[in-house]
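Chains as they are written, first to last, in full-length UniProt numbering: chain A, 1 to 363; chain B, 1 to 285.
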Amino acid sequence: MTTQATLSGRDRSRQAFLSRSTLVTSLVLIVGMLLVLVLNALPASNALHVSGATVALLGKYFTYMLLALAVDLIWGYLGILSLGHGAFFALGGYAMGLYLNAQTSALPGWQAMMTYFPVAALMVLLAPGLLALAFGWLAFRSRVTGVYFSIITQALTFALMLAFNRNEMGLGGSTGLTRFYELMGFSLSSEGMTVALFVASGVAVLLAFWLCRAITVSRLGRVSLATRDAEARMRFIGYRVDHVKLALFVVSAMIAGVAGALYVPQVGIINPSTFAPLFSIEVVVWVALGGRATLYGALLGALVVNYLKTVLTGAMPDAWLFILGALFVLVTMVLPQGIAGVIAKWRGRRRAAVRPGQREASA
Amino acid sequence: MSGLESARFGRLRELARPDRVFDFMAPAQSPVDVRHGPILYLEDVSVSFDGFQAINGLNLTIDDGELRCIIGPNGAGKTTMMDIITGKTRPDTGQVWFGSRHNLLALDEPQIANLGIGRKFQKPTVFEALDVTENLELAMAGERRVWKTLLARLDHEGQARIDEVLETIGLNDERYRLAGVLSHGQKQWLEIGMLLMQRPRLLLVDEPVAGMTEPEMHRTAELLTRLAGQQSVVVVEHDMGFVRSIARQVTVLHQGSVLAEGSMDAVSSDPRVIEVYLGGDEESA
């Protein structure tokens, strides 16, 4: 291969799992998590002390980051814009909610099986996974794409919201599931539990990030990018586009379910409002703002928007939705690649300055 | 509905075929049977869209290894014909056979593609977010199932095949460039290269030189003539100069059916052809 030596090589991040962006993102997550733990362990009198409430808040952000990751996997890499991912998040949440309720009171009927943790954990994956399988199979087989798909995902989550609002469902009606006291024999209100859930959520983000990265750097990742950009072409070279979409949609729904399951014990309630179409749209805004098809962009977007939300809903509660809308419009117009796009551009410029000859190859 | 129905029965019939019971005995490479005739056979195919008769009693046979050019004015049904062969459109009536064994009307796009029919679109469609090598890798004949693609690695054989095709289409120096930044002509060649990776028996090429410069056109003509013989090639083209430079056998379509067939010289002196198509603008080519 004489020519190969003279050619500039492929951008390593495209096919290698251990690319710079994987390493940096993992490192930031791990160091950030350890830092919070250390600062939390400091005595309360110390100026750098991080309170239990803050740890709980960060734990909640982690579950949002997980949800954003799930959306980015199918939106960024496959072009499927789901405006109903809140439904999968909520289903995971309800499964966990039932398990938590079962800790202190006997559940009626089929819900009794949720007393056992392995069953509950399985349901966290199965409930969203099976819904995604059935829904996706119908939609992708009929070649429902683009905005039509987005609209029916909205309808899906809205229909589930109506269903879960009904008392006959036996899932608490509009109040939802609450009164959680214990998880695996430990009190939910203890500081130790807050820290444990924070760590569990952080680890889940890390694992899901690695899973998504492994998928996107594999040939399947390239198949999905190709499907996103030229679906008909993929069919004519012999790929079953619907199977690819279905597989990733189910994986994405399961990640969202896990996110919901970790969210519920940290906030202490799950009710039908999580199925609200607006919540699912918010998730999409996080990903758009962070930057699509980079994975770390989704994590960043979820963190930034939710931090802003926490701060701004406290400072000016009425203005938050306007600010969110303005942010979305602004990002779409000025930064179509989101925050990740800005980072990539900045890195590209720096690299170009170091090695001018490389610029064209990475363009 | 009838298309779907026949697809179901086709699949059932496929299961019941005595010669396919011992699957492992079937030849691995290209199951197309051309011992008893042409590689592609269309008989009395008709299709209409909202009352417009796009294809009207079309009969067409393509022999194994043949290079066939199909010409015809706009709306003659050239692209619709390709849609029917590749499974995108189901005809109202008629038969379409690939070799003497495969009824294409019972199969869908991926199945037809995996049988060995490759198609190049009118507008070059390559995967712009991937580089040239990756484009070829995805098109490579082989495993298409989701789980297998997750674990797939490019082996030496595959790499060698990619190198070979890169050489054929002349994109060796562009192998790590994103397909999105290639020139129009390079995209067309890449798309032809992707078809080659599929190891097709039959290539359907829709307007390969549209928008190409003169030298690019020459290279494309050379590429297509080199391919014929190894596989059958059907080229739909508007550019008469280009057709004249590659064609041995030309079919003229008009209003959804065959108007004339023969060598370029015979066809272009046919008065009916001159009337509907070549007429005034022959010189412009």
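Don't be surprised by glycine CBs; every beta carbon is placed ideally from N, CA and C.
All values reported here derive from a predicted model rather than from experimental measurement.
Any beta carbon of chain C sitting closer than 8 Å to that of residue i?
{"i": "alanine 340 of chain A", "result": "The chain labelled as chain C is not found among the protein chains of the depicted structure, namely A and B."}
How far does the beta strand (DSSP E) with residue i in it reach, from first residue to last?
{"i": "phenylalanine 98 of chain B", "result": "93-98"}
{"i": "phenylalanine 164 of chain A", "result": "From DSSP, phenylalanine 164 of chain A is part of no beta strand (DSSP E) but of the alpha helix (DSSP H) over 146-165."}
{"i": "asparagine 46 of chain A", "result": "Neither: asparagine 46 of chain A is in no beta strand (DSSP E) and is coded neither H nor E."}
{"i": "isoleucine 62 of chain B", "result": "52-62"}
{"i": "threonine 251 of chain B", "result": "249-254"}
{"i": "valine 243 of chain B", "result": "That residue, valine 243 of chain B, is in no beta strand (DSSP E); its alpha helix (DSSP H) goes 240-246."}
{"i": "glutamate 261 of chain B", "result": "257-262"}
Using a Cβ-Cβ cutoff of less than 7 Å, which residues in the same chain neighbour residue i once the five nearest sequence positions on both sides are dropped?
{"i": "methionine 234 of chain A", "result": "Ala226, Thr227, Val241"}
{"i": "aspartate 50 of chain B", "result": "none"}
{"i": "phenylalanine 140 of chain A", "result": "Asp242, Lys245, Leu246"}
{"i": "leucine 154 of chain B", "result": "Glu137"}
Residues in the same chain with beta-carbon distance under 6 Å from residue i, minus the five sequence neighbours each way, listed in chain order, please.
{"i": "alanine 293 of chain A", "result": "Gly76, Tyr77"}
{"i": "serine 252 of chain A", "result": "Ala70, Leu73, Ile74"}
{"i": "serine 24 of chain A", "result": "First, the residue type needs correcting, since residue 24 of chain A is valine and not serine in the sequence shown. Around valine 24 of chain A: no qualifying Cβ."}
{"i": "alanine 247 of chain B", "result": "Cys69, Met264"}
{"i": "alanine 132 of chain A", "result": "Phe249, Val250, Ala253"}
{"i": "glutamate 66 of chain B", "result": "Ser232"}
{"i": "methionine 193 of chain A", "result": "Phe186"}
Could you give the first and the last residue of the continuous alpha helix (DSSP H) run that contains residue i?
{"i": "lysine 245 of chain A", "result": "241-267"}
{"i": "lysine 120 of chain B", "result": "Looking at the DSSP string, lysine 120 of chain B is not in any alpha helix (DSSP H); the run it does join, the beta strand (DSSP E), is 117-120."}
{"i": "glutamine 337 of chain A", "result": "Premise fails: glutamine 337 of chain A is in no alpha helix (DSSP H) and is neither H nor E."}
{"i": "glutamine 111 of chain A", "result": "Run containing glutamine 111 of chain A: none; DSSP gives neither H nor E here."}
{"i": "aspartate 163 of chain B", "result": "156-169"}
{"i": "leucine 138 of chain B", "result": "132-139"}
{"i": "alanine 129 of chain B", "result": "Alanine 129 of chain B -> no alpha helix (DSSP H), and no H or E assigned at all."}
{"i": "aspartate 44 of chain B", "result": "Element bounds for aspartate 44 of chain B: not the alpha helix (DSSP H) but the beta strand (DSSP E), 40-49."}
{"i": "arginine 141 of chain A", "result": "117-141"}
Is the Cβ of residue i closer than 8 Å to any Cβ of chain A?
{"i": "glutamate 275 of chain B", "result": "no"}
{"i": "alanine 139 of chain B", "result": "yes"}
{"i": "tyrosine 41 of chain B", "result": "no"}
{"i": "methionine 194 of chain B", "result": "yes"}
{"i": "leucine 107 of chain B", "result": "no"}
{"i": "proline 110 of chain B", "result": "yes"}
{"i": "glutamine 198 of chain B", "result": "yes"}
{"i": "leucine 130 of chain B", "result": "yes"}
{"i": "threonine 168 of chain B", "result": "no"}
What's the call for residue i, buried or exposed, on a 16-neighbour Cβ count within 10 Å?
{"i": "serine 183 of chain B", "result": "exposed"}
{"i": "leucine 171 of chain B", "result": "buried"}
{"i": "phenylalanine 88 of chain A", "result": "buried"}
{"i": "alanine 120 of chain A", "result": "buried"}
{"i": "glutamine 198 of chain B", "result": "buried"}
{"i": "lysine 148 of chain B", "result": "exposed"}
{"i": "threonine 104 of chain A", "result": "exposed"}
{"i": "alanine 26 of chain B", "result": "Note on alanine 26 of chain B: pLDDT 44, under 50, position unreliable in the model; the coordinate value appears next. So alanine 26 of chain B counts as exposed."}
{"i": "methionine 140 of chain B", "result": "buried"}
{"i": "leucine 330 of chain A", "result": "exposed"}
{"i": "serine 189 of chain A", "result": "exposed"}
{"i": "serine 187 of chain A", "result": "exposed"}
{"i": "serine 174 of chain A", "result": "exposed"}
{"i": "tyrosine 307 of chain A", "result": "exposed"}
{"i": "asparagine 167 of chain A", "result": "exposed"}
Report the rounded CA-to-CA distance for residue i versus residue j, giving the unit in angstroms.
{"i": "valine 31 of chain A", "j": "isoleucine 255 of chain A", "result": "23 Å"}
{"i": "valine 250 of chain A", "j": "glycine 262 of chain B", "result": "54 Å"}
{"i": "arginine 175 of chain B", "j": "histidine 243 of chain A", "result": "29 Å"}
{"i": "glutamine 111 of chain A", "j": "alanine 200 of chain A", "result": "25 Å"}
{"i": "leucine 48 of chain A", "j": "asparagine 40 of chain A", "result": "9 Å"}
{"i": "phenylalanine 121 of chain B", "j": "phenylalanine 242 of chain B", "result": "18 Å"}
{"i": "glutamate 275 of chain B", "j": "leucine 259 of chain B", "result": "11 Å"}
{"i": "leucine 246 of chain A", "j": "glycine 136 of chain A", "result": "6 Å"}
{"i": "aspartate 239 of chain B", "j": "histidine 85 of chain A", "result": "50 Å"}
{"i": "tyrosine 99 of chain A", "j": "phenylalanine 117 of chain A", "result": "7 Å"}
{"i": "isoleucine 192 of chain B", "j": "methionine 333 of chain A", "result": "37 Å"}
{"i": "arginine 244 of chain B", "j": "alanine 214 of chain A", "result": "51 Å"}
Apart from the five residues on each side of it in sequence, which residues of its chain come closer than 8 Å, Cβ to Cβ, to residue i?
{"i": "alanine 28 of chain B", "result": "Confidence at alanine 28 of chain B is low in this model, with a pLDDT of 43, below 50, so its placement is unreliable and the value that follows should be read with caution. Taken in chain order, the list of residues that qualify is empty."}
{"i": "methionine 212 of chain B", "result": "His184, Gly185, Gln188, Thr220"}
Cβ of residue i less than 8 Å from any chain B Cβ?
{"i": "glycine 238 of chain A", "result": "yes"}
{"i": "leucine 220 of chain A", "result": "yes"}
{"i": "leucine 73 of chain A", "result": "no"}
{"i": "valine 217 of chain A", "result": "no"}
{"i": "valine 244 of chain A", "result": "yes"}
{"i": "valine 251 of chain A", "result": "no"}
{"i": "arginine 235 of chain A", "result": "yes"}
{"i": "leucine 133 of chain A", "result": "no"}
{"i": "valine 223 of chain A", "result": "yes"}
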